[in-house]
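Written out below as structure tokens is the structure these notes cover.
Given below as structure tokens:
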């Protein structure tokens, strides 16, 4: 079974994730800092200024304490890093991690259990090769050429790895792999479209995708209908991508940027 670490946010909703030793890694438009939870307003001065030159949209802490960041930046620590970089645990640039060279923003970063790294965004080239919306990197930052180009026709805001290794994506797109998939789709572990997963047919952007323990899928975003039925900004899908009609319409009156399932 594949496991992963995820610190996913969207470009629209900065968030925070806990790192080791009780610290919290914050992402705001163009700064990454570590703050101590013991003193809520005290800056952790042992964490260096990574000096990203533009927005950071996603932060993930690896099992070894190193920190992956994705966003709109093109340099970190004074060195070229196009939209993805890795920091050491102290905030300095990890120069052993290659520049993945994504040509446009990266909104979502996920680490697979095998150490490979999935990225989602609005890019269409990574490492000089065509990768539209989703790509996979090797653990050293180079492009994993064994992972196919999913060919999403618009931006991907959320990437989630299921326990079986299949990959859920949510975003702006209306087709994946040349087939209609409105804002949510599932990929096989090799990056190809999983045609067994139905088109959920959300009528507007999906910012957040979460898999429940029972395999059902929660989505949040800007949509007002899913599967032809009214669902205002939050909906639940069955494991096959069809709308779960047992889940009521929460009727949120504006955009939902993040969905989290509580332990209960």
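Residue numbers (my numbering): 51 to 314. Built from N, CA and C at the ideal position, the CB exists for glycine as well.
Exercise for review: Take residue 304 and list the residues in its own chain whose beta-carbon comes closer than 8 Å to its own, dropping the five residues that flank it on each side.
Suggested key: Position 254 of the chain shown holds residue 304. Excluding sequence neighbours, residue 304 sits near 283.
Practice item. In the DSSP assignment, find the beta strand (DSSP E) that holds residue 185 and state where it starts and stops. Key: The residue you call residue 185 lines up with position 135 of the chain shown. Unbroken beta strand (DSSP E) run through residue 185: 184–187.
Check your understanding: Who are the Cβ neighbours of residue 125 in its own chain at under 7 Å, not counting the five residues just before and after it?
Key -> Here the question's residue 125 lines up with position 75 in the chain shown. Result list for residue 125: 103 and 131, in chain order.
Review point. Which value, in whole angstroms, describes the spacing of the CA atoms of residue 311 and residue 260?
Key: Here residue 311 is taken as the residue at index 261 of the chain shown, counted from 1. Here residue 260 is taken as the residue at index 210 of the chain shown, counted from 1. Roughly 8 Å between the two C-alpha positions.
Review point. Can you pull the DSSP bridge partners for residue 230?
Key: To locate residue 230, count along the chain shown from 1; it is residue 180. 225.
Exercise for review: Sort out for me which residues DSSP pairs residue 270 with in a bridge.
Suggested key: Your numbering for residue 270 matches position 220 in the chain shown. According to DSSP, which records beta bridges pairwise, residue 270 is partnered with 258 and 284.
Point to revise | Per-residue DSSP class, three states only, for residue 107 | key: By one-based count along the chain shown, residue 107 stands at place 57. Residue state, collapsed to three classes: strand.
Point to revise | Assigned secondary structure, residue 175 (DSSP; H/G/I helix, E/B strand, else coil) | key: Along the chain shown, read from residue 1 onward, the residue named residue 175 stands at position 125. Looking at residue 175 - three-state DSSP - the assignment turns out to be strand.
Practice item. Sort out for me which residues DSSP pairs residue 276 with in a bridge. Key: On the chain shown, residue 276 is found 226 positions in, with the first residue counted as 1. The partner list for residue 276 (beta bridge, DSSP) reads 252 and 279.
Review point. Run through DSSP, which three-state label would residue 155 get?
Key: Position 105 of the chain shown, counting from 1, holds the residue named residue 155. Note: residue 155 maps to coil in three-state DSSP.
Exercise for review: Identify the continuous beta strand (DSSP E) that holds residue 206 and give its terminal residues.
Suggested key: Locating residue 206 in the chain shown gives position 156, counting from the first residue. Unbroken beta strand (DSSP E) run through residue 206: 206–211.
**Study point:** Residue range of the unbroken beta strand (DSSP E) whose run includes residue 134
**Key:** Taking the first residue of the chain shown as position 1, residue 134 is located at position 84. Where residue 134 is concerned, the enclosing beta strand (DSSP E) stretches over 134–137.
Review point. Whole-angstrom Cβ separation of residue 149 and residue 191, contact assumed at under 8 Å?
Key: The residue you call residue 149 lines up with position 99 of the chain shown. The residue you call residue 191 lines up with position 141 of the chain shown. Yes, they are in contact, since the Cβ atoms of residue 149 and residue 191 sit about 7 Å apart, within 8 Å.
Review point. Quick one: what does DSSP say residue 129 is sitting in, helix, strand or coil?
Key: Here residue 129 corresponds to residue number 79 of the chain shown, with the count starting at 1. Note: residue 129 maps to strand in three-state DSSP.
Point to revise | Inter-residue Cα distance where the pair is residue 159 and residue 296 | key: Within the chain shown, numbered from 1, the residue matching residue 159 stands at position 109. Within the chain shown, numbered from 1, the residue matching residue 296 stands at position 246. Each residue's Cα considered, the two are about 31 Å apart.
Review point. With C-beta atoms as the reference, is residue 151 less than 9 Å away from residue 176?
Key: Here residue 151 refers to the residue found at position 101 when the chain shown is read from its first residue. Here residue 176 refers to the residue found at position 126 when the chain shown is read from its first residue. Going by C-beta atoms, residue 151 is nearer than 9 Å to residue 176.
Practice item. Using three-state DSSP, classify residue 98 as helix, strand or coil. Key: Translated into positions along the chain shown, residue 98 becomes position 48. Coil, per DSSP.
Review point. Which one or two residues does DSSP pair with residue 180 in a beta bridge?
Key: Here residue 180 refers to the residue found at position 130 of the chain shown. The partner list for residue 180 (beta bridge, DSSP) reads 175.
**Study point:** Euclidean distance between Cα positions of residue 291 and residue 207
**Key:** Residue numbering aside, residue 291 sits at position 241 when the chain shown is read from its first letter. Residue numbering aside, residue 207 sits at position 157 when the chain shown is read from its first letter. Straight-line Cα distance between these residues: approximately 18 Å.
Practice item. Helix, strand or coil for residue 120, going by three-state DSSP, please let me know. Key: Counted from its first residue, the chain shown places residue 120 at position 70. Looking at residue 120 - three-state DSSP - the assignment turns out to be strand.
**Study point:** Selected residue, minimal CA-CA separation from residue 302, among 218, 271, 138 and 210
**Key:** If you number the chain shown from 1, residue 302 lands on position 252. The option with the nearest alpha carbon to residue 302 is 271.
Review point. Can you round the beta-carbon distance between residue 121 and residue 155 to whole angstroms, since I take them to be within the 8 Å contact cut?
Key: Here residue 121 is taken as the residue at index 71 of the chain shown, counted from 1. Here residue 155 is taken as the residue at index 105 of the chain shown, counted from 1. That pair is a contact at about 6 Å.
Point to revise | Contact set for residue 226: own chain, Cβ-Cβ below 7 Å, skip 5 residues either direction | key: Residue mapping note: residue 226 aligns to position 176 of the chain shown, counting from 1. Within the same chain, residue 226 has close Cβ partners 200, 201, 202, 235 and 243.
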